[in-house]
Ligand code: NAD
């Protein structure tokens, strides 16, 4: 049985007490690896290594030298592309095409893009007048913040973890990463890449384990962690925020969502159906930016519901490498239970189940996997739990609307504020609506499309801060002001 180890100070290490936990395949619930669970001692060793690297070789590198190493990381990920694809498929059970077209290439891009950003970012300097006529020069320098604790989720593990590690390292920090207990593989594999390209020891460290009373909590409470960047549930973010308040550490949070899609009657109908099919069901609905609330203008409501139903019913469940399949399982038995509890709740709340609502029949060992049907509901009020709460599964509720004001109010009547998609051929209206929807990112006639140099983050309970391009520098560096009297 494969043992997935922690990666501390450039070495793969077991936990001192030899404690391990199981990694099961989402496809058939088989144990595919054991994972070494970091205790306080390993977390401390990782943080101390990260701290020492800052003061050592890594901290002494010039920006150009650091950036060259990060280009090396991007290139090595690309060279080992198939290994990363295989590891991520084993962790998540998601289809091969999702890995190759999006999740793994984005991992490499996260190193390259932030290396480019850091290399090209201008710095501020001002010449000032002074009463004696000699003047002053006031300028700012950016320094790394220090040791960054990175806590990552399981839904697109490699892409979301590197989205934090790329900019953190580009800015000269060191990191201790705690991947989700559900998806330990690609984060560990990245340790091999770091060693291969010559990233100094201690710059990138990985500790495995759970959240409360385990590696996650030990990391966020460690006094030598200078800032914490976290992607995951809003509730977990609240617990991490408390930990970060010890020692006044900065946080960057990308949290949950309950995203609305707005489809106007003048939309390109097929494009809207395709787009919402992707946003509701890609990655088996386990995408923070995914759509769980769909509002469709009344004249096309019935036709839209039928068209989305047809697409949802055409998915083919199967293994990631089965070329006849295009649809994967949920991540875990626990998550399957949660999603199915919402499927039951929707019925209790009086929903019309347009399609799905249960589990598909799977043959052989796949019958033990965490499969659930893509599910569409109609007929619920806005107050229903499945219309208000994040489910994070392959499901959406569709309701009709009659005016811009009505749909904007409904879209905004939620505690989350992560993303929206608007489907219309009337671009003036699209811009007007986009400006009024309370979210961090709005897509018009598209979804999941973004230049990595733009700001990304959530409004309301969907996050704190913005990352992406130069916005990441605000979090991963500290600006120091220097004023020289001439
Ligand atoms: P989660 O909050 O359960 O876990 C995320 C990570 O936090 C895991 O590594 C977990 O072990 C760790 N953790 C849990 N409790 C902790 C604690 N008390 N202290 C320290 N670490 C702790 O989230 P998840 O189930 O892995 O991911 C799904 C959630 O992530 C959804 O809510 C989804 O919307 C959100 N998400 C948001 C974005 C975004 O960009 N906004 C992106 C992806 C996922």
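Numbering (my numbering), first residue to last: 4 to 489.
Quick reminder that beta carbons are idealized off the backbone N, C-alpha and C, glycines included.
- Residue 131 and residue 67 have their C-alpha atoms roughly 30 Å apart.
- Cα atoms of residue 290 and residue 394: separation of roughly 10 Å, rounded to the nearest angstrom.
- Burial check for residue 386: the Cβ neighbour count within 10 Å stays below 16, so the residue is exposed.
- The C-beta of residue 485 has fewer than 16 other C-beta atoms within 10 Å across all chains shown, which makes the residue exposed.
- Counting only unbroken stretches of 4 or more residues, the alpha helix (DSSP H) elements lying wholly within the stretch 52-112 are 60-63, 66-82 and 84-95, in sequence order.
- By alpha-carbon distance to residue 267, the top candidate from 429, 363 and 367 is 429.
- In the structure shown, the three-state DSSP call for residue 453 is coil.
- Its chain contains 52, 204 and 205 as the residues whose beta carbon lies nearer than 6 Å to that of residue 12, once the 5 sequence neighbours on both sides are disregarded; these appear in chain order.
- Checking the 7 Å criterion, the Cβ of residue 446 is out of range of every heavy atom belonging to the ligand NAD.
- Of the candidates 115, 77 and 321, 77 places its Cα closest to the Cα of residue 200.
- Look at residue 481: its beta carbon is at least 7 Å from all of the heavy atoms in the ligand NAD.
- One alpha carbon belongs to residue 111, the other to residue 211, and they sit about 22 Å apart.
- Sorting 186, 207 and 187 by C-alpha distance to the C-alpha of residue 196 places 207 at the top.
- In this structure residue 445 is in contact with residue 423, their Cβ atoms being roughly 5 Å apart against a cut-off of 8 Å.
- The shortest CA-to-CA distance from residue 146 to any of 137, 157, 171 and 135 is the one to 171.
- Counting every other CB atom within 10 Å of its CB across the protein chains shown gives residue 85 a total below 16, marking it as exposed.
- Note on residue 164: 16 or more other CB atoms within 10 angstroms of its CB, so buried under the neighbour-count rule.
- DSSP places residue 431 within a helical segment (H, G or I) once states are collapsed to three.
- Relative to the ligand NAD, the beta carbon of residue 291 is positioned inside 7 Å of a heavy atom.
- C-alpha of residue 223 to C-alpha of residue 158: approximately 21 Å in a straight line.
- In this structure, the C-beta of residue 383 stays at least 7 Å away from each heavy atom of the ligand NAD.
- At least one heavy atom of the ligand NAD is found less than 7 Å from the C-beta of residue 213.
- Distances taken from the Cβ of residue 157 to the heavy atoms of the ligand NAD include one shorter than 7 Å.
- Annotation for residue 163 indicates a beta carbon within 7 Å of some heavy atom of the ligand NAD.
- Pairing residue 194 with residue 160, the inter-Cα distance amounts to about 15 Å.
- With respect to the 8 Å criterion, residue 245 and residue 150 are not classified as neighbours on the basis of their beta carbons.
- In the three-state reduction of the DSSP assignment, residue 22 falls in the coil class, being assigned neither a helical nor a strand state.
- Your pair residue 296 and residue 398 does not check out as a contact, with CB atoms roughly 10 Å apart and the cut at 8 Å.
- Judged by the Cβ position, residue 242 qualifies as a neighbour of the ligand NAD at the 7 Å threshold, a heavy atom of the ligand being closer than this.
- Straight across, the Cα-Cα distance linking residue 115 with residue 70 is about 8 Å.
- For residue 194, the secondary structure class from DSSP, reduced to helix, strand or coil, is helix.
- Between the C-alpha atoms of residue 275 and residue 450 there is a straight-line separation of about 10 Å.
- Within the model, the alpha-carbon separation for residue 285 versus residue 404 is close to 25 Å.
- Counting C-beta pairs with one atom in each stretch, the stretch 125-139 and the stretch 357-367 have fewer than three that are closer than 8 Å, which means they do not touch.
- If you keep only unbroken beta strand (DSSP E) runs of at least 3 residues inside the stretch 366-429, you get 378-381, 398-404 and 422-426.
- Within the same chain, Cβ atoms closer than 6 Å to the Cβ of residue 15 are found at 8, the five residues on either side in sequence being excluded.
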